[in-house]
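Number of protein chains: 2
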Amino acid sequence: MSPQRRTGLGTNQEAIRRHNLGTLLRHVHGAGQMSRAELTSLMGLNRSTIAGLVGELESLGISERATPPEGARQGAGRPSAGVRIAEDGPYVIAVDLGVDRAVVARVGLGGRVLQRAQAPVHSHGEAWQVGASVAALIRTVVEDAPITAALVGIGISVPGLVRRSDGLIRLAPNLEWHDVSFGGIVLAALGLDVPVSLANDADLGALAEHTRGAAVDTDELIYVSGNVGVGAGVITGGHRLEGAGGYAGEIGHLRFNPNGRPCHCGNRGCWETEVGAHAIAEAINCPPDKVAQLDEILDGFDKPSPALRATGTALGQGLASIVNLFNPQMVVLGGYFRSLYTLVGAEVNAGLADHALPAPLESVTLALPGLGSDSPLLGAAEIALEPLFVDPVAALGAALVDVRGRLAG
Amino acid sequence: MSPQRRTGLGTNQEAIRRHNLGTLLRHVHGAGQMSRAELTSLMGLNRSTIAGLVGELESLGISERATPPEGARQGAGRPSAGVRIAEDGPYVIAVDLGVDRAVVARVGLGGRVLQRAQAPVHSHGEAWQVGASVAALIRTVVEDAPITAALVGIGISVPGLVRRSDGLIRLAPNLEWHDVSFGGIVLAALGLDVPVSLANDADLGALAEHTRGAAVDTDELIYVSGNVGVGAGVITGGHRLEGAGGYAGEIGHLRFNPNGRPCHCGNRGCWETEVGAHAIAEAINCPPDKVAQLDEILDGFDKPSPALRATGTALGQGLASIVNLFNPQMVVLGGYFRSLYTLVGAEVNAGLADHALPAPLESVTLALPGLGSDSPLLGAAEIALEPLFVDPVAALGAALVDVRGRLAG
DNA sequence: AGAATTTGTTGTGCGAGTCACGGGAGCGAC
DNA sequence: GTCGCTCCCGTGACTCGCACAACAAATTCT
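Below you can see the structure in the form of C-alpha cells.
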C-alpha cells in the first residue's frame with residue numbers, strides 16, 4: 001500500500017524522497033527496464049532529479065546502468081541510458097499454497113522468477129506439516145542465491161480468508177484450516193525472522209495481473225478465481241480493495257438461486273453451488289478426488305456438454321451482478337474459469353450481456369490471465385516486494401543477507 | 410479526489426505545499442474548528458510549519474483565528490489558538506435532485522448550510538424545465554451571500570447513473586432522463602461559468618456520512634440508498650469507489666430471486682423488485698403516486714405488517730451479499746430504508762446474520778444516517794468543495810466573486 | 001562534416017519543512 | 001500574590017530536495 005492512501009498526514013521533504021525513490025523503482029520494476037528519459041516524462045520531474053534518484057538506486061545495488069533499451073525513441077538526439085534491475089539485487093520468496101500442492105519461487109525485482117520448486121501437499125494436512133514442506137521448498141529455492149543478495153520478505157498466497165491486520169488465516173475451507181498463523185509456522189520452521197505477508201489467492205491474482213499481466217494500465221479490474229472455492233480480487237483506483245477485515249471479494253456466496261442446492265456456508269443456492277468446482281465436476285462426471293485438477297481435465301475437453309454450457313451461462317449471469325456492482329474495466333477469469341471460458345466463452349458472454357446493465361456492460365472486457373496459472377504466485381511476490389516501493393532504503397535495511405548461511409546455522 | 414491517488418507521478422516541493430495546505434483545510438473543514446496543536450499532532454509536521462500553513466489560510470480569507478475551542482486540552486500550559494472557518498469564506502452550491510422535489514443549499518466550509526431553498530419538481534419533467542427551477546432556487550440561495558465571498562463550484566446529486574468523466578447523466582429512470590447534460594443546462598440557465606460536479610445520490614450520501622455523519626473515522630462503509638430505485642455508495646480505503654465509468658454500486662439489480670417478478674432492467678427477481686419502493690408500496694397498500702413520499706408514510710406506521718416484515722428480511726438477506734462482497738465496517742441505511750429499518754430492524758438484522766459469512770459479519774455495523782435525509786445534499790457540497798482540498802490556492806483563484814452582481818448582469 | 005536534437009552532468013538558487021531559542025499564557029502550589 | 005511548571009507561539013538560522021540553466025556528450029539528419 002502506497003503511503004499516499006493514508007489520508008490526513010502531512011508531507012515533509014524526507015517523505016518526498018522516499019516517495020520519489022519508491023515510485024521510480026516501481027516503474028522500473030513494472031517495465032523491467034526503462035530509459036531515464038522515459039522516467040523523466042512519466043514522473044514529471046526534472047532530468048537532474050531523476051539522475052539523482054537513479055544514482056541512489058544504483059548505489060543501493062538495486063539497479064544498474066544499461067545500454068538504451070530496444071523500444072527506445074527513434075530519431076535524432078543522444079540516446080538515453082537504460083535503468084535495469086540489478087542481477088544480484090534484492091529478492092523475495094513467493095509461496096502459492098494450493099489445495100493439493102505448494103509452489104515456491106525466488107522472485108527478483110521486475111517479477112523475474114529466479115528459482116522455483118513445488119511439492120504435493122497432503123489435502124487436509126495439518127498446518128505444521130504443510131509449513132515444514134514449504135520451508136523445505138524455500139531452502140531449495142534459496143540455494144543458488146548470490147550471497148550478497150538480500151531477502152526482502154516472504155509473500156504467501158492462501159486459498160481462504162486472511163485477516164488483513166496480522167495475516168492470520170481465518171478460514172481455508174479446502175485445507176480445513178481455521179485460525180492458523182501460517183506465517184509464524186513457516187518462519188519457525190525456517191528459523192528466520194523476515195517480514196511475511198499473507199493474502200487471499202484471488203486478491204493476489206488481481207494484483208499480479210494488474211502489475212504485469214492482462215490488466216496493465218487498467219485501474220479497475222476484478223480477478224475471478226475458480227479454485228475449489230470461488231473468490232474474487234478487486235482492484236479499484238489502482239489499489240486492492242481489502243475491506244475492513246481483509247475479507248472483501250467473497251463472491252462465491254452471492255445469492256444466485258434461493259431454491260438451489262445447499263451450500264457449506266449454510267445457505268441455499270450460493271453462486272458457488274452452481275459454478276464451483278464440485279458443481280462442475282458433477283456436470284462432467286469427474287470423480288470428486290480429482291477436483292483439484294479440474295482445470296487440466298477441462299483443458300482435455302474439445303466440445304462442451306450441455307451441462308457445461310449451462311454452467312457457462314451461470315458464470316456469465318453471476319459475473320453480471322459483479323459487473324453491476326463494481327463497474328470494472330476488465331474481468332480476468334483465473335483458475336479453472338480460464339479453461340471453462342475457453343470452452344464455453346459464448347455462453348459466458350451471453351449470460352453476462354443478458355443480465356448486466358447497459359452502462360457498466362459497455363466498458364467491461366472479459367479476459368484470460370496474462371500470467372496463466374502463475375498469477376497468485378507472482379502476486380505473492382508483489383506483496384512481499386511492496387515495502388521496497390514504499391521506502392527502498394528502509395526495506396533494504398531491514399532485509400536479510402546471506403540467507404543460506406543463516407539457514408545453515 | 411486527492412492527487413495522491415494518481416500513482417506514478419513524482420512529487421516536487423510545490424506539490425508538498427499544495428498537499429499540506431489542502432490537508433490542513435480538510436481537517437479544519439471536517440471538525441469545523443480545531444486548535445493548532447491538534448493540527449500539529451494530526452499531520453505530524455512541525456509546529457512552525459503548521460503556523461505557516463495556518464497563516465496562509467488566513468491570508469486567503471478561508472480561516473480566521475479563534476479563541477481556543479471548548480474541547481481543548483485541560484491542564485497547565487498555554488492554550489493553543491483555534492483555527493476556524495471564516496464567516497465570509499468561500500462557499501458552494503449543493504443541489505439534491507429528487508424525483509419529486511429539488512433542494513438547493515448554499516454551503517460553506519465546515520459543512521454549514523448557510524441558506525436553503527426547495528421546490529417541487531414535475532415528475533417526468535423535461536430536463537430544461539427542471540434546470541430552470543434549479544437555477545431559480547440557486548438565485549434565491551445566493552441572495553444574501555456576502556459580496557466578497559467566492560463561489561467555488563456547484564455540486565449536484567442525481568438519482569441515476571452519472572458518467573464520471575464528464576458528469577453526463579446516462580440514465581435517471583425515475584426522471585425518465587437519458588443522456589442529459591444537466592450541469593450544462595443549469596449553467597446556461599444561470600448564465601454563469603463555474604465548475605459543476607455531478608454524482609449519484611447514493612455515492613454522495615456515502616461521502617457525506619463519511620465526512621460528517623455516522624461514519625466519521627470509518628474508512629470502509631457503504632451507504633445503501635432506498636429512493637425510488639435502490640443504489641449504494643461505497644467508500645473503501647477512505648475513497649469513493651467509482652468504477653471505470655462511475656457506475657459502481659448498482660446493487661438494485663443484484664440477482665435475488667430468479668423466479669421473482671420482472672424488473673424494468675429486463676431480468677427477473679432483481680433485489681429491487683423485493684425491496685424497492687414499488688414493492689414496499691404494494692406491501693403496505695400505498696397508492697403508486699405517493700411512492701416518492703414513502704419514507705414519510707413508513708414513519709407513520711407504528712407496527713409493521715407481516716408483508717413489511719418479509720421485506721425487512723429480504724433487505725437483510727440482500728445486505729448479506731453486499732457485506733460478503735465488500736466487507737465494510739459500516740452499512741448506513743439511507744432514504745426510506747431509514748424508516749424501514751426503524752420499523753423492522755430485527756428482521757433486517759436476522760436476515761443479514763443468517764446469510765452473511767461469519768468473518769465479514771463480525772466487523773460490520775448497521776447504522777442510520779447521521780445527517781438524516783440531508784446526506785446526498787451535503788455530499789453534493791462535498792464534491793463541490795473537493796478542489797479546495799486538492800489545491801486551495803488554485804481553487805480559490807478559479808472561484809467566482811460577486812455572484813449576485815454577475816447573475817444580475 | 002556540420003547542424004539539429006536530445007540527453008547526461010554540474011553548479012546555483014529557491015522553497016518547504018526542521019530545529020533551537022526566547023517569550024507568552026494559563027494552571028497550580030506555596 | 002508570586003513563583004514555577006507546562007505547553008504553546010513566534011522568529012531566525014539551517015538542511016535538504018527539486019528546479020533551472022549552462023555546458024558537454026551522443027546520435028541522427030542534411
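Heads up: the protein sequence lines correspond to chains A and B, in order.
Position one of the first sequence corresponds to residue 1 (the working numbering), numbered consecutively onward.
Position one of the second sequence corresponds to residue 410 (the working numbering), numbered consecutively onward.
Every residue, glycine too, gets a C-beta built ideally from N, C-alpha and C.
All values derive from a computational prediction rather than experimental measurement.
Legend: CB atoms of the stretch 759-782 of chain B lying less than 9 Å from CB atoms of chain A belong to residues 763, 764, 765, 766, 767, 768, 769, 771, 772 and 773. DSSP, read as helix, strand or coil, puts residue 529 of chain B in strand. Under a criterion of Cβ atoms nearer than 7 Å, the residues of chain B adjacent to residue 257 of chain A are, in order, 667. Around residue 265 of chain A, the beta-carbon contacts reaching into chain B at under 8 Å are 766. Under DSSP, residue 784 of chain B forms no beta bridge with any residue. Around residue 507 of chain B, the same chain offers 530, 568, 636 and 701 as residues with beta carbons nearer than 8 Å, after the five sequence neighbours per side are excluded. Looking at B:679, B:708 and B:671, the one whose alpha-carbon comes closest to that of residue 693 of chain B is B:708. Here residue 564 of chain B carries a strand assignment [DSSP, helix/strand/coil]. Using a CB distance cut-off of 9 Å, residue 632 of chain B does not count as an interface residue toward chain A. Annotation for residue 722 of chain B: 756 and 760 place their beta carbon closer than 6 Å to its own, counting only its chain and skipping 5 residues before and after. By the rule that beta-carbons nearer than 9 Å mark a contact, residue 328 of chain A touches chain B.
Identification of chain B residues near residue 33 of chain A by a Cβ-Cβ cut-off of 9 Å yields none; the smallest Cβ-Cβ distance measures about 17 Å. Near chain A, meaning a CB-to-CB distance below 7 Å, the residues of the stretch 629-657 of chain B are 629, 645, 646, 647, 648, 650, 652, 653, 654, 656 and 657. In the displayed model, residue 200 of chain A falls within a strand according to three-state DSSP.
Under the rule that a run must span 4 or more residues, the alpha helix (DSSP H) segments found entirely inside the stretch 640-709 of chain B read 681-684, 686-692 and 703-709. Counted as a single uninterrupted DSSP element, the stretch harbouring residue 432 of chain B is not any beta strand (DSSP E) but the alpha helix (DSSP H) occupying residues 422-440. The stretch 415-427 of chain B makes contact with the stretch 36-55 of chain A; the number of CB pairs closer than 8 Å reaches 3 or more. If you check the CB distance, residue 236 of chain A and residue 250 of chain A do not come in under 9 Å. Shown here, residue 56 of chain A sits in a helix according to DSSP, grouped into three states. According to DSSP, residue pairing for residue 500 of chain B in a beta bridge involves B:517 and B:560. According to the DSSP assignment, residue 550 of chain B belongs to no beta strand (DSSP E) but to the alpha helix (DSSP H) extending over 536-551. In this structure, the straight-line span from the alpha carbon of residue 753 of chain B to that of residue 728 of chain B is close to 14 Å. What residue 791 of chain B touches in chain A, judged by beta-carbon distance under 7 Å, is nothing: the nearest beta carbon there is about 14 Å away.
Spatial neighbours of residue 695 of chain B in its own chain (CB-CB distance under 8 Å, excluding positions within 5 residues in sequence) are listed in chain order as 689, 703 and 706. The beta carbon of residue 525 of chain B lies closer than 8 Å to those of 512, 513, 514, 515 and 550 in the same chain, with the five residues before and after it left out.
The closest CA to that of residue 357 of chain A, considering only B:674, B:776 and B:783, is found on B:674. When rounded, the separation of the alpha-carbon atoms in residue 131 of chain A and residue 157 of chain A is 13 Å. The C-beta of residue 279 of chain A comes no closer than 9 Å to any C-beta of chain B. Out of A:215, A:234 and A:217, the CA that lies nearest to the CA of residue 224 of chain A is found in A:234.
Identification of chain B residues near residue 11 of chain A by a Cβ-Cβ cut-off of 7 Å yields 425, 428 and 429, ordered along the chain.
Residues of the stretch 446-471 of chain B with a C-beta less than 7 Å from any C-beta of chain A: 451, 452, 453 and 454, listed in chain order. For residue 727 of chain B, the closest Cβ of chain A is nearer than 9 Å.
The closest CA to that of residue 150 of chain A, considering only A:405, A:406, A:399 and A:54, is found on A:399. For the stretch 109-136 of chain A, the set of positions with a beta-carbon nearer than 8 Å to some beta-carbon of chain B is empty. Contacts between residue 23 of chain A and chain B, judged by CB atoms closer than 9 Å, involve 416, 417, 418, 419 and 420 in chain order.
With respect to chain A, the C-beta atom of residue 670 of chain B has no partner C-beta closer than 9 Å.
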